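Residue 1 is where the sequence shown starts when you use the UniProt record's numbering, and the numbers rise one by one after that.
Every residue, glycine too, gets a C-beta built ideally from N, C-alpha and C.
Please read these numbers as outputs of a predicted model, since none were measured by experiment.
Input: a single structure, listed below in structure tokens.
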Amino acid sequence: MSLLCCGNTSDGQLGLGGIAEENVKSLTLVESTKNFLKIRQIACGRHHSVMLLDDGSVFSCGNNDFYQLGHDGIKRKPRLIESFAGIHVISVACGDAHCVALTNDGHLFSWGSNVYGQLGVERMNVVAKARYPRIQEINLANIVQIACGSNHSLALESTDGVLHAWGLNDHGQLGIGTRESFIGPTTVNKLMGIPICQLAAGASHSLVLTPSGTVFGWGKNMFGQIGQNEQRG
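Right under this line is the structure:
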């Protein structure tokens with residue numbers, strides 16, 4: 001299976017290698033992926049990309065200022081994240097400069113920028129506040145879905161459909177009733193008891209879908225992105 005790409009590649013986020021063009025305006029084959037196994041999912045951050053293969057392995061390329069690639073250095077071609085050796089990843093999500101991965105046993109791992117606590121792990125010192133030098137496991141279990149906004153993250157628990165959120169909350173995108181940011185996962189209590197089948201996150205807003213087709217949205221609403229007339233989250 002091969003991967004096609006288009007768009008800006010100034011940081012190598014398209015995985016095309018050191019090409020002269022900065023903007024690729026038509027679908028272009030990523031040559032280095034021609035021998036990939038089936039690609040299960042692709043996730044894109046602001047200047048980086050992550051590819052999940054059907055065998056659970058994870059590749060990344062692009063900007064790496066905050067270790068969002070999961071390995072050292074900027075990579076203009078997809079490179080395997082070796083930290084996941086022996087771990088079967090089934091879903092990935094990207095924020096601006098952070099990533100979250102879900103494993104087949106319901107556990108979560110995160111890496112990249114942690115300026116706003118979007119990794120869901122403690123900021124242990126000044127260096128770790130900005131970036132984590134390794135992939136961390138988040139203290140949650142039985143997770144079935146994940147989503148990332150620019151600087152916040154969401155995770156849905158299989159047990160009673162509990163929704164967890166953490167990270168930047170300047171527009172109320174965590175859905176906790178305040179604008180306080182959270183370093184670690186916190187429960188979205190207002191959705192307790194409501195079945196959720198799908199999560200989504202924009203830059204500073206969040207959405208969930210219920211089995212009945214009802215959509216709940218919260219966070220930044222400058223452009224009506226949560227489906228309300230009000231201009232506040």
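| request: Work out the CA separation of residue 17 and residue 126 for me, nearest whole Å. | output: Its pLDDT being 39, under 50, residue 126 is placed unreliably in this model, and the coordinates cannot settle the point.
| query | Quick one: Cα of residue 73 to Cα of residue 84, how far? | reply | It is roughly 18 Å from the alpha-carbon of residue 73 to the alpha-carbon of residue 84.
| request: Give the secondary structure of residue 223 by DSSP, where H, G and I count as helix, E and B as strand, and everything else as coil. | output: coil
| said: For residue 33, tell me which candidate among 47, 15, 184 has the shortest Cα-Cα distance. | reply: It is 15 whose Cα lies nearest to the Cα of residue 33.
| task | Can you give me the start and stop residues for the beta strand (DSSP E) that residue 94 sits inside? | result | 89-94
| query | Out of curiosity, what's the CA-to-CA distance linking residue 168 and residue 222? | reply | 17 Å
| Continuous beta strand (DSSP E) stretch holding residue 229: start and end | Element bounds for residue 229: n/a, residue is neither H nor E.
| query | In angstroms, rounded to a whole number, what distance separates the CA positions of residue 2 and residue 178? | reply | If I take the Cα positions, the gap works out to 44 Å.
| said: At 3 residues or longer, what runs of the beta strand (DSSP E) sit wholly inside the UniProt repeat "RCC1" (1-55)? | reply: Residue ranges of uninterrupted beta strand (DSSP E) with 3 or more members, entirely inside the UniProt repeat "RCC1" (1-55) and ordered along the chain, are 3-8, 23-30, 39-44, 48-53.
| request: Return yes when the Cβ of residue 136 is within less than 9 Å of the Cβ of residue 109, no when it is not. | output: Yes, these two residues count as a Cβ contact at 9 Å.
| query | Tell me which same chain residues have a C-beta within less than 7 Å of the C-beta of residue 172, skipping the five on either side of it? | reply | 179, 218, 219, 233
| Given residue 113 as reference, the closest of 209, 186, 48 once Cα atoms are compared | 48
| task | Could you check the C-alpha separation between residue 185 and residue 8 for me, to the nearest Å? | result | 33 Å
| said: Let's see if you can read the secondary structure: which residues bound the beta strand (DSSP E) around residue 60? | reply: 58-62
| field | beta strand (DSSP E) segment containing residue 208, residue limits | value | 205-209
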